[in-house]
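Accompanying notes for the structure given below.
Chains as they are written, first to last, in my numbering: chain A, 1 to 314; chain B, 1 to 309.
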């Protein structure tokens, strides 16, 4: 990667500089490789594993063996498969909640920064107010409200689209969680986007667009937002581990993912019930969980430093 | 300063009102009945119970009555699942949560700030690397993994420490440590960053040039400015400790507010939910305000610009 950069006689762009800086950051690169490994384990390798919900009461609490790499849990289910499938839910919660919050945060922050003046002041005071509300409190209430609709949603989809009932149930069970987190997580992001938009809207190419007589919406969505998209998305990698953590907290409290779905939070909760005798049931999911968060944080820090995205301070 | 204070207090009320509005309508939107445990009761009885709690009135009236009762009577309503005034439940469980939160904050400051200072002073040495790695681990390992591990490997082996329970003073140590660890890690990172920024400034170089000893430079010239980010974080940290306490209270069976909150959400107990949310919100607003005031005391620049924002 670096060789290519040096061989290139043309000047270097923002992204090329960032890539070179990134490649030098050993922590961030290590994080990146671990993330890639986790992804391939959870989303590709998991398909070749045994069924994570296969109960086998004769073979419960089995030690690690060739059949069951991490042994089995209290119901004789394969722990390795359960960790990988649980990882799918945990990682998806992190990614989808981030996507939802990025979508809201970009539009809100961009409109606020672009409009300026009184509109901007009011929109930012709204964000300040929402930021002061305890996040977990709202997530718990919103999740409780949304999850009661998920049963109705399951019935409706099964009746109208003839989808498989179990599959639909698993899907509708986790969707409220994605939205509860995403709908409330966009606040900090919107401030970052706003700061970026405010600096970009003074640039010449925006002036040129204004001079060409383009409408405000077109300038905002076609000229300004594409330019803040990169740094924003990069910054949002730092929110992924936060959402994964919130999912685990909710699941641990019994308010998040429900069986037959599992997530890392659910597995850690289950594991802590058999602490005295089977500590690996707690340790192994905890290890996967922490390693993923660790890597995501280092990767996010590295990307942020490489692109030099400054946190918005109003 | 006074203008700043009044502005922040007004904003605090606005925050609480927004929190109330959102929680109220979400609680109303939660399907299900609050009185499901009382089975086989006639529709008439049920209607009477609803009337008793004022749930039969139009929704807009209920929306106004609740804050009115708080202001005029100091009443947060009566819990529909416990049948007791919400204020009693809060008064009984809050001291436990507060003790836990304060001790955790003590652990967080006592561990986090010295580690942050140490790794800033020894920047890019192995001490710095290992301190920051440990801090990152502290952020990434959830309390519900550390808590049970402490129970089995520490509490079970040290006489006097109980695995779970509440009553003696030493029962608070493990839960507070578990709870404070994440904040300690954040504080360490913030302290390190804050001090490094101050160390790079001209007046620090001047102090070195004047022959001030390195220890004095840190203690007298750097610490005050360098701790600002950490102090500003104390408000959010307290919020994190409170929301984190849901978990830790469950693990160590501390009779605090966390369980009531989770129960309120699962049993559709809207008055308890509203009362606890508002109480949490009030605590966090007050803590944020205190953190801001403390920042103002430490940093004269903030005092002038703080009022207008």
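Note that CB positions come from ideal geometry on N, CA and C, so glycine has one too.
- Your pair residue 179 of chain B and residue 8 of chain B does not check out as a contact, with CB atoms roughly 27 Å apart and the cut at 8 Å.
- When secondary structure is reduced to three states using DSSP, residue 78 of chain B falls in the strand class.
- Proximity of residue 273 of chain B to chain A, defined by a Cβ-Cβ separation below 9 Å, is satisfied.
- The segment 31-39 of chain A and the segment 282-300 of chain A touch, with no fewer than 3 CB-CB distances between them shorter than 8 Å.
- Counted as a single uninterrupted DSSP element, the stretch harbouring residue 56 of chain B is not any alpha helix (DSSP H), since DSSP gives it neither H nor E.
- Runs of the alpha helix (DSSP H) lying entirely within the segment 63-123 of chain A and spanning at least 4 residues, in chain order: 79-115.
- The segment 143-155 of chain A and the segment 170-188 of chain A touch, with no fewer than 3 CB-CB distances between them shorter than 8 Å.
- Contact check for residue 206 of chain A against residue 223 of chain A passes: the beta carbons are separated by less than 9 Å.
- Contact between residue 282 of chain A and residue 148 of chain B holds, since their C-beta atoms are separated by about 6 Å, short of 8 Å.
- If you draw a 10 Å sphere on the C-beta of residue 214 of chain B, you find fewer than 16 other C-beta atoms in it, and that means exposed.
- At least 9 Å separates the CB of residue 80 of chain B from every CB of chain A.
- Residue 233 of chain B counts as buried, since no fewer than 16 other beta carbons sit within 10 angstroms of its beta carbon.
- Our two residues, residue 104 of chain B and residue 171 of chain B, have alpha carbons roughly 13 Å apart in a direct line.
- In this structure, DSSP gives residue 236 of chain B a helical state, which the three-state scheme calls helix.
- Close partners of residue 291 of chain B in chain A (Cβ separation under 8 Å) are lacking, with about 12 Å as the shortest Cβ gap.
- Contact annotation, residue 300 of chain A with residue 237 of chain A: C-beta distance approximately 4 Å; criterion of less than 8 Å satisfied.
- At least 9 Å separates the CB of residue 70 of chain B from every CB of chain A.
- By the Cβ rule, the segment 111-118 of chain A does not count as touching the segment 72-89 of chain A, because fewer than three pairs are nearer than 8 Å.
- Put simply, the CB of residue 142 of chain A is near chain B, with a gap under 9 Å to one of its CB atoms.
- The segment 201-220 of chain B makes no contact with the segment 139-146 of chain B; the number of CB pairs closer than 8 Å stays below 3.
- Exclusion of the five residues before and after residue 275 of chain A leaves 282 as the residues of its chain whose Cβ lies within less than 7 Å of its Cβ.
- Note that the segment 210-217 of chain A does not touch the segment 77-94 of chain A; fewer than 3 beta-carbon pairs, one per stretch, sit closer than 8 Å.
- Shown here, residue 226 of chain A sits in a helix according to DSSP, grouped into three states.
- Residue pairing for residue 85 of chain B: DSSP places it in a beta bridge opposite B:78.
- Counting only runs of 4+ residues, the alpha helix (DSSP H) found wholly inside the segment 204-271 of chain A occupies 204-211, 225-236 and 239-252, in chain order.
- Taking a C-beta distance under 9 Å as the contact criterion, residue 141 of chain A and residue 199 of chain B do not qualify as a contact pair.
- The beta carbon of residue 190 of chain A does not come within 9 Å of any beta carbon belonging to chain B, so the residue lies off that interface.
- Against chain B, the CB of residue 298 of chain A has a partner CB under 9 Å away; the residue lies at that interface.
- For the segment 211-240 of chain A, no residue has a beta-carbon sitting nearer than 7 Å to a beta-carbon of chain B.
- For the segment 132-201 of chain B, the full-length alpha helix (DSSP H) segments reaching 4 residues or more read 143-150 and 173-199 along the chain.
- Judged by DSSP in its simplified three-state form, residue 159 of chain A adopts helix.
- Three or more beta-carbon pairs separated by less than 8 Å are not found between the segment 254-262 of chain B and the segment 182-202 of chain B, which leaves the two stretches without contact.
- With a 10 Å radius around the Cβ and a threshold of 16 neighbouring Cβ atoms, residue 119 of chain A comes out exposed.
- Take residue 284 of chain A, set aside five residues on each side of it, and the residues of its chain with a beta-carbon closer than 6 Å to its own are 70, in chain order.
- For residue 277 of chain B, the nearest beta carbon of chain A is closer than 9 Å to its own beta carbon.
- Here residue 130 of chain B is exposed. Its C-beta has fewer than 16 other C-beta atoms within 10 Å.
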